[in-house]
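One structure below.
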Amino acid sequence: MVNDVVHHYDERSSADLNILVIKLGALGDFVQATTAFAALKAYHPNAQLTLLTTAPYVDFARRLGFFDHILIDSRPKWYQWTQIRSLIKTLRSRSFDTVIDLQGVDRTRLYKRLFPRSTVWVDHPSSGNLPHPQDRFRYQLKAMAVHDLPTLDLGMLAEPLTVSNPYALLIPGASNAHGGRKKWPEENYASLAKYLLGQGIQPVIIGGPGESFPIITQQVPVALNLVGQTSFYQVIGLAQQALFAVGNDTGPMLLAASGGCPTLTLYSSVNPAAIGGAKGPKNFAIEMTDLKVLSLETVIEKTHADLI
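This is the structure:
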């Protein structure tokens, strides 16, 4: 696929291109994709770039400044004909000559049928041989004559929050999929928070809307609980000033890494670090088949070895 079209874009002026980029979510996936967005803008600065995404990421995408237009996919069900027709009409009316599917799921593959055969469709490669999203994006964008991706860096979006220094971020949430196996037990985070306090470091608890961590807040009431109270941009701002962040495999950990914060991410066999973690000299990981058996002592030792 790549070799078939790469010369096509080497020979064309960027000003001639009308490109649709598809990236619907979730948060961690969207954060990872910002490197691909930046590369497309850098290599094709005069192209018309349009993003198709979901409502939670519209403001995020606007603030990035890479796209001329942003379209919302409300993910209508098969019986919501009015919304389906509206989406089809919108996509067809824009006369895209190229579609880059960074999502790579059955839903977005179906969208290929909505476009004329003349539309170049840049597929999302299988994760089998390229498990990390940055590697997939790098391979995929070769078709657009994009030869490199920038480092993940969203510091320009940071909104500061005032927190007494020194502090560290604890991010105990994660998806409940796979029976909660992506989560290090909350009581361990409570114990880690107590340890940090003993070291003179203020623990700051971060989480999304709808999350709560009663074990931590009850056992460590002096921990600063900002769960559900921070925007994407405030998480980045907090990360810029934090000593480090420790957390599960979840979107806010990638936001923290994107702010330049040293990170220690705890992975289970459900989604090992090779699949989705931040890559960089300040990003570290512990991988365990079962996070329930990961000891507090191991996390503390790794924190001292790599983060402090």
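To convert, count from 1 in the sequence shown and add 30; that's my numbering.
Even glycine gets a Cβ: it sits at the ideal position worked out from N, Cα and C.
Since we're looking at a predicted model, the values are computed, not measured.
(message) Using CA atoms only, rank isn't needed, just tell me which of Ile316, Leu337, Ala85 and Thr247 is closest to Ala275.
(response) Working through the sequence shown from its first residue, we reach residue 275 at position 245. Checked all of Ile316, Leu337, Ala85 and Thr247; the closest Cα to Ala275 is Leu337.
(message) Within the continuous alpha helix (DSSP H) that includes Ser298, where are the two ends?
(response) Taking the sequence shown and counting its residues from 1, one reaches residue 298 at position 268. Element bounds for Ser298: not the alpha helix (DSSP H) but the beta strand (DSSP E), Thr293 to Ser298.
(message) Below 8 Å on the Cβ atoms is my contact criterion, and I expect Phe243 with Pro282 to pass it. Report the Cβ-Cβ distance as a whole number of Å.
(response) The residue you call residue 243 lines up with position 213 of the sequence shown. The residue you call residue 282 lines up with position 252 of the sequence shown. The distance from the Cβ of Phe243 to that of Pro282 is about 13 Å, inconsistent with a contact at the 8 Å cut-off.
(request) Could you pull out every residue in the same chain whose Cβ sits closer than 8 Å to the Cβ of Gly55, ignoring the five residues on either side in sequence? (result) Locating residue 55 in the sequence shown gives position 25, counting from the first residue. Same-chain partners within the cutoff: Thr83, Thr84, Pro86 and Tyr87.
(message) In the DSSP assignment, the beta strand (DSSP E) including Val234 goes from what residue to what residue?
(response) Within the sequence shown, the letter at position 204 stands for residue 234. Following the DSSP letters along the chain, one finds Val234 inside the beta strand (DSSP E) bounded by residues Gln232 to Ile235.
(request) Examine the Cβ distances between the region 168-176 and the region 245-253 and report whether three or more of them are shorter than 8 Å. (result) Touching, no.
(request) Answer with buried or exposed for Ile52, where buried requires no fewer than 16 other C-beta atoms within 10 angstroms of its C-beta. (result) Walking along the sequence shown from the start, residue 52 turns up at place 22. Under this definition Ile52 is a buried residue.
(request) Would you kindly report the start and end of the unbroken beta strand (DSSP E) that includes Asn206? (result) The residue labelled residue 206 in the question sits at position 176 within the sequence shown. Taken as a continuous stretch (DSSP letters only), Asn206 belongs to no beta strand (DSSP E), as it is neither H nor E.
(request) Could you tell me whether any non-hydrogen atom of the ligand GDP is closer than 6 Å to the CB of Ser299? (result) Within the structure as shown, the ligand GDP is missing, as the structure has no ligands at all.
(message) On a Cα-Cα basis, can you pick out the residue from Ala272, Lys71 and Lys322 that is closest to Thr192?
(response) Here residue 192 refers to the residue found at position 162 of the sequence shown. Of Ala272, Lys71 and Lys322, the residue nearest in Cα terms is Ala272.
(message) For the alpha helix (DSSP H) containing Gly267, name the first residue and the last one.
(response) Residue numbering aside, residue 267 sits at position 237 when the sequence shown is read from its first letter. Per DSSP, Gly267 is one residue of the alpha helix (DSSP H) stretching across Phe262 to Gln271.
(message) Give me the residue from Thr293, Lys224 and Arg122 with the minimum Cα distance to Lys309.
(response) The count along the sequence shown starts at 1 and reaches residue 309 at position 279. It is Thr293 whose Cα lies nearest to the Cα of Lys309.
(request) Taking all protein chains shown into account, decide if Asp34 is buried (16 or more other Cβ within 10 angstroms of its Cβ) or exposed. (result) Along the sequence shown, one-based indexing puts residue 34 at 4. Confidence in Asp34 is poor, its pLDDT being 43 and thus under 50, which makes the residue's placement unreliable; the coordinate value appears in the next sentence. It is exposed - the Cβ of Asp34 has fewer than 16 other Cβ atoms within 10 Å.
(message) Suppose contacts are defined by Cβ-Cβ distances below 7 Å. Is Ala69 in contact with Leu160 by that definition?
(response) Locating residue 69 in the sequence shown gives position 39, counting from the first residue. Locating residue 160 in the sequence shown gives position 130, counting from the first residue. Contact flag unset, no.
(request) Measure the CB-CB distance between Leu79 and Phe60 and report whether it falls below 7 Å. (result) For the purposes of this step, residue 79 is taken as residue 49 along the sequence shown, with counting starting at 1. For the purposes of this step, residue 60 is taken as residue 30 along the sequence shown, with counting starting at 1. Cβ atoms of Leu79 and Phe60: not closer than 7 Å.
(message) By the DSSP assignment, the alpha helix (DSSP H) with Tyr219 in it spans what residues?
(response) For the purposes of this step, residue 219 is taken as residue 189 along the sequence shown, with counting starting at 1. Its alpha helix (DSSP H) spans residues Glu216 to Gly228.
(request) Measure the alpha-carbon distance for Ala220 versus Thr247 and round it to whole angstroms. (result) The residue labelled residue 220 in the question sits at position 190 within the sequence shown. The residue labelled residue 247 in the question sits at position 217 within the sequence shown. Cα to Cα, the separation comes out at about 8 Å.
(request) Kindly indicate which three-state DSSP category His334 falls into: helix, strand or coil? (result) Translated into positions along the sequence shown, residue 334 becomes position 304. In the structure shown, His334 sits in a helix (DSSP, three-state: H, G or I).
(message) I need the DSSP call for Ala78, collapsed to helix, strand or coil.
(response) Here the question's residue 78 lines up with position 48 in the sequence shown. For the record, residue 78 in the displayed sequence is Gln; it is not Ala. Reduced to three states, the DSSP call for Gln78 is strand.
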